[in-house]
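**Student:** Below is one structure. I have some questions about it.
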């Protein structure tokens, strides 16, 4: 089946199968531990989708996006 691969920098996070959500919709879900995102200096994640037809022909498309992890605790003030 079709797969989605997530990488953080040069590190492979996971590869998951694309699932049929119904109503002509496909999707995937990935849980990533926050410590992996906070500890990485590159601050970008890449998703690569590989689709294969019934004849065995494959194509891959990738996209890289930056992200921000807010690790500062909120502050409160009382006036």
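Residue numbers (this note's numbering): 4 to 82. Don't be surprised by glycine CBs; every beta carbon is placed ideally from N, CA and C. As the structure is a computational prediction, the values presented were derived from the model and not from experiment.
#1: In whole angstroms, give me the CA-to-CA distance for residue 38 and residue 18.
#2: So does the stretch 68-77 actually touch the stretch 43-58, counting three or more Cβ pairs closer than 8 Å?
#3: Measuring alpha carbon to alpha carbon, tell me which residue in 26, 42, 20, 40 is nearest residue 32.
#4: Using the three-state DSSP reduction, which class does residue 65 fall into: helix, strand or coil?
#5: Consult DSSP for residue 71 and reduce its assignment to one of helix, strand or coil.
#6: For chain D, find out if any of its Cβ atoms is closer than 7 Å to the Cβ of residue 80; answer yes or no.
**Tutor:** Quick answer:
#1: By one-based count along the chain shown, residue 38 stands at place 35. By one-based count along the chain shown, residue 18 stands at place 15. Residue 38 and residue 18: Cα-Cα distance of roughly 19 Å.
#2: yes
#3: As a working mapping, residue 32 is identified with position 29 in the chain shown. If we check each option's Cα against that of residue 32, 20 comes out closest.
#4: Within the chain shown, the letter at position 62 stands for residue 65. Reduced to three states, the DSSP call for residue 65 is strand.
#5: In the chain shown, counting from the first residue as 1, residue 71 sits at position 68. Coil, per DSSP.
#6: In the structure shown, chain D cannot be found, because there is only a single protein chain.
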